[in-house]
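Residue numbers (UniProt numbering): 1 to 814.
By construction, the Cβ of each residue, glycine as well, lies at the ideal position given by its N, Cα and C atoms.
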């Protein structure tokens, strides 16, 4: 009887609880998580207290809780790389609650440590390719340009001929110049003109920078031999303003404005504008000629003829979020620049009157449509054409020395013509056009395909005011390039994925050589025009694979048979310091990468990421720059030549570490052994030499082989006022000494080399109102060390900079 009473009581209680549960309405909380740029944050962890429930935001940054009773709750949000946030919410019966969170970025958390979801940077870094994605937003308060940012990447070296706006060469794992291609939102930057170059674009212009080493994905297109850099801007529909101004040593002024507006109707307007100005009158050590003795004396002097300025604007207008297009934008890129030319390819060549200028007038078109006709089929179309003009002026009948003094030349001397290199006022248009179309089709979650077609054209037309009848200037300088790529990706599971691709390269070159003959008997000159038209066609291929041994340990392997067609400036010269070489062959390389990435988190305090890569490059007909006398006044000019065979074996490693919310450290080191593997050279007769070359297995000259970088930051919260943050930063750059010319040539004790370099930079950044107002102070080259780059050209001495920045953003719903 007692058991029956207990059973009956329990049954009645259960029915009572059931009836009560049915009478309580099930309430839902829906929400979304965004960053300050109005981008969805996938993988954010949302906890609901005191219900003690947790969910993770999806790819759209959305989340929801269901089956809740009315009452007061606490929502706590945590997303890696962002400041934690929490909010108290009150829900009432019969109502659905919608909330939205906008998280501030926390640069102290390394973005590569993945928990439940991945940011755009994380997704890029987890690809099978040897790739590093840099979050540019963490550097917005610095005065850095994109070139300086890339100088902190393992395996990369940015080499400049001087200060602001100087000529720049980017090297990646030993390959440099046109061997590494640059892209803007997947669009090649070959034809953007001199007003839009890597070292005059402020870091605020980019959202992130993707560096692909050796093997380039087919969706980027292009004929890169040694890798590619993709500058990704934030084109998401939003309303924002990012404005900054900086002033620094050598009378340097930099400013930038990035703004955008997106209406609920989908109307979109975007503008990015920036300017740079500098006297570049930094201290260098140069030879000063004693007019009485004729002797050269090394003297510390200021550069006296190196002013530079550029102004650039990129504007787009169109529609976003429409049925016919996720984004359709038409735009214009306008720019102008003027640069004094202080030196040639060596410090011995001093100029005091040469200058160059250029402008960009480039209409653009962007079209993007996801799920075109069928689900999973995405189409991207880009196009532009540059109508801009370039100019090179060299008219002074003078020879300068480093103290700014000069002597006049005798214009009547036919061997010493006017001009510091050669008499010229040359105006020319390169008439660059480029079109790119890409189709991506995801058949399902395991199989996807990519098709990319890129077409570019070049047609230089110019005239020298001082040589209007020059037949060579009147010859065509035309190239047309077409690159077609097809790729396939297998995503077997969360651990294993594989990509394979083929690329077809085609180039058509139209040009002529003018041969001059002088008859001593008749004293007459005749000319013969020799056609140099050519067609090139090559087929490349490659693959990339990735496997996660554990969730925090990834192995990567990739290979590409890559081709790089000779560039326009290599074929025809750049008019300023480079002469053309129509005999150049396409260079090709077998590129192999093997790497591993390991991440760890210890007690929620220490975060580590270690990345290491082994690289092998086996290049044939390798194109490199050679300095040789070429100006009419004995000045050195550069010329591109083919080396029969060059190999490179190297390693690079990177360590990233974060301690709590207080300290971050990023450090990397690169070693590369770039060597001449041409054992028997080809003679002028076309036959192979039977004598082994004395340069066989020599390191390629004027190329660093051991270098590294380290940067650290300390963070202090709530300084002077709650919500304000003070950041102290330090950066170190190291480059080991390397030979300027071939190591096997010359006396052992008298070889010219670039000495070992150590550069130290420090900074202090104060962010107020959650990053709305920002002030930064920097000191570059703190110890005022002598720093060198191409052919021992000296870089700026110690410099101080101050930067002010204002930022505003809000989400736009369309």
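Note down, in chain order, each residue of its chain lying with its Cβ closer than 6 angstroms to the Cβ of residue 459, except the 5 sequence neighbours on either side.
-> As a working note, residue 459 is residue 459 in the chain shown. Within the same chain, residue 459 has close Cβ partners 431, 478.
Please decide whether residue 31 counts as near chain B, where near means a Cβ-Cβ distance under 8 angstroms.
-> Absent from the structure is chain B; it holds one protein chain and no more.
For residue 111, the three-state DSSP class (helix, strand or coil) | Reading the chain shown from its first residue, position 111 is the one you call residue 111. A caution first: residue 111 carries a pLDDT of 39, below 50, which makes its placement in the model too unreliable to give a value.
Verify whether the separation of the beta carbon atoms of residue 587 and residue 620 is less than 8 angstroms.
-> If you number the chain shown from 1, residue 587 lands on position 587. If you number the chain shown from 1, residue 620 lands on position 620. Yes, they are a contact pair.
Do the stretch 171-188 and the stretch 237-256 touch if we need at least three Cβ pairs shorter than 8 angstroms?
-> no
Starting from residue 503, follow its DSSP beta bridges and name the residues at the other end.
-> Residue numbering aside, residue 503 sits at position 503 when the chain shown is read from its first letter. Among the bridge pairs identified by DSSP, residue 503 is matched with 485, 540.
Between residue 207 and residue 136, is the Cβ-Cβ spacing less than 8 angstroms?
-> As a position in the chain shown, residue 207 is number 207, starting the count at 1. As a position in the chain shown, residue 136 is number 136, starting the count at 1. The answer is yes: Cβ separation under 8 angstroms.
What residue from 465, 123, 128 has the CA that sits closest to residue 547's CA?
-> The count along the chain shown starts at 1 and reaches residue 547 at position 547. Ranking the options by Cα distance to residue 547, first place goes to 128.
Apart from the five residues just before and just after residue 355, which ones in its own chain have a Cβ nearer than 7 angstroms to its Cβ?
-> Here residue 355 refers to the residue found at position 355 when the chain shown is read from its first residue. Within the same chain, residue 355 has close Cβ partners 338, 339, 340, 341, 393.
Reducing DSSP to helix, strand and coil, say where residue 616 ends up.
-> The sequence position of residue 616 within the chain shown is 616, counting from 1. Residue 616: strand per DSSP, three-state reduction.
Of all the beta strand (DSSP E) runs that stay within the bounds of the stretch 206-271, which reach a length of 3 or more residues?
-> 208-213, 227-232, 238-248, 252-262
Can you tell me which of the three DSSP states residue 95 falls into?
-> Taking the chain shown and counting its residues from 1, the one referred to as residue 95 is at position 95. Note: residue 95 maps to coil in three-state DSSP.
Compare the C-alpha of residue 192 against each of 300, 161, 387, 157 and name the closest.
-> The sequence position of residue 192 within the chain shown is 192, counting from 1. Among 300, 161, 387, 157, the Cα nearest to that of residue 192 is on 387.
Could you say which of 299, 55, 143 lies nearest to residue 283 if we only look at CA atoms?
-> Counted from its first residue, the chain shown places residue 283 at position 283. Answer by Cα proximity: 299.
Answer yes or no: do residue 344 and residue 312 have a C-beta to C-beta separation smaller than 8 angstroms?
-> As a first step, residue 344 must be located in the chain shown, where it is residue number 344. As a first step, residue 312 must be located in the chain shown, where it is residue number 312. For residue 344 and residue 312, no; Cβs fall outside 8 angstroms.
Cβ atoms of residue 41 and residue 55: under 8 angstroms apart, would you say?
-> For the purposes of this step, residue 55 is taken as the residue at position 55 of the chain shown. For the purposes of this step, residue 41 is taken as the residue at position 41 of the chain shown. Contact flag unset, no.
If you drop the 5 nearest sequence neighbours on each side, which residues of the same chain put their C-beta closer than 7 angstroms to that of residue 782?
-> In the chain shown, counting from the first residue as 1, residue 782 sits at position 782. If we look at residue 782 and ignore the five residues flanking it on each side, its Cβ neighbours are 760, 761, 762, 798.
Cut-off 6 angstroms between Cβ atoms - residues of its own chain near residue 641, not counting five sequence neighbours on either side | Stepping through the chain shown from its first residue, residue 641 is reached at position 641. Excluding residues within five positions, the ones whose Cβ falls inside 6 angstroms are 626.
Nearest to residue 817 (by Cα), restricted to the options 499, 68, 126 | Outside the modelled stretch of the chain, which goes from 1 to 814, sits residue 817, for which no answer is possible.
Whether residue 199 touches residue 162 by CB criterion (8 angstroms) = Against the chain shown, residue 199 aligns to sequence position 199. Against the chain shown, residue 162 aligns to sequence position 162. In this structure, residue 162 does not lie closer than 8 angstroms to residue 199 by Cβ.
Which ranges does the beta strand (DSSP E) cover as unbroken runs of at least 3 residues, wholly within the stretch 706-765, from first to last along the chain?
-> 706-717, 725-735
Mind the definition here: the stretch 217-227 touches the stretch 446-455 only if three or more C-beta pairs lie below 8 angstroms; say whether that holds.
-> yes
Between which two residues does the beta strand (DSSP E) harbouring residue 587 extend?
-> Counting from one through the chain shown, the residue named residue 587 turns up at place 587. 587-602 is the extent of the beta strand (DSSP E) around residue 587.
Residue of 785, 151, 124, 673 minimising C-alpha distance to residue 708 | The count along the chain shown starts at 1 and reaches residue 708 at position 708. That would be 151, whose Cα lies nearest to the Cα of residue 708.
For residue 402, count neighbouring Cβ atoms within 10 angstroms of its own Cβ and tell me buried if that reaches 16, exposed if not.
-> For the purposes of this step, residue 402 is identified with residue 402 of the chain shown, where counting begins at 1. Classification of residue 402: buried, given that the 10 Å Cβ count is 16 or more.
Determine the direct distance from the alpha carbon of residue 607 to that of residue 493, and round the result to whole angstroms.
-> For the purposes of this step, residue 493 is taken as residue 493 along the chain shown, with counting starting at 1. For the purposes of this step, residue 607 is taken as residue 607 along the chain shown, with counting starting at 1. Each residue's alpha carbon lies about 26 angstroms from the other.
Helix, strand or coil: how does DSSP classify residue 654 here?
-> Translated into positions along the chain shown, residue 654 becomes position 654. It is a strand residue.
For residue 787 and residue 306, the rounded distance between their alpha carbons | Counting from 1 along the chain shown, the entry for residue 306 is found at position 306. Counting from 1 along the chain shown, the entry for residue 787 is found at position 787. Near 18 angstroms, if we compare the C-alpha coordinates of residue 787 and residue 306.
Look at the Cβ atom of residue 318, then the Cβ atom of residue 268, and state whether they are nearer than 8 angstroms.
-> Taking the chain shown and counting its residues from 1, one reaches residue 318 at position 318. Taking the chain shown and counting its residues from 1, one reaches residue 268 at position 268. A contact, by the Cβ cut-off of 8 angstroms.
Backbone secondary structure at residue 580 - three-state DSSP | The sequence position of residue 580 within the chain shown is 580, counting from 1. Three-state DSSP puts residue 580 in coil, outside helix and strand.
Kindly identify the DSSP beta-bridge partner or partners of residue 611.
-> Translated into the one-based positions of the chain shown, residue 611 becomes position 611. 597, 654.
What are the boundary residues of the beta strand (DSSP E) that includes residue 299?
-> The residue given as residue 299 occupies position 299 in the chain shown. Element bounds for residue 299: 296-302.
What does residue 474 pair with, by DSSP beta-bridge criteria?
-> Numbered from 1 along the chain shown, position 474 holds the residue referred to as residue 474. Partner(s): none; residue 474 has no beta bridge.
Going by other Cβ atoms of all chains shown within 10 Å of its Cβ, with 16 needed for buried, is residue 725 buried or exposed?
-> Residue 725 sits at position 725 when you count from the first residue of the chain shown. Flag for residue 725 reads buried.
Those residues which DSSP pairs with residue 60 across a bridge | Here residue 60 refers to the residue found at position 60 of the chain shown. Its beta-bridge partners do not exist; DSSP assigns none.
Note down, in chain order, each residue of its chain lying with its Cβ closer than 7 angstroms to the Cβ of residue 65, except the 5 sequence neighbours on either side.
-> Along the chain shown, one-based indexing puts residue 65 at 65. Closer than 7 angstroms at Cβ, skipping near neighbours: 28, 29, 48, 53, 55.
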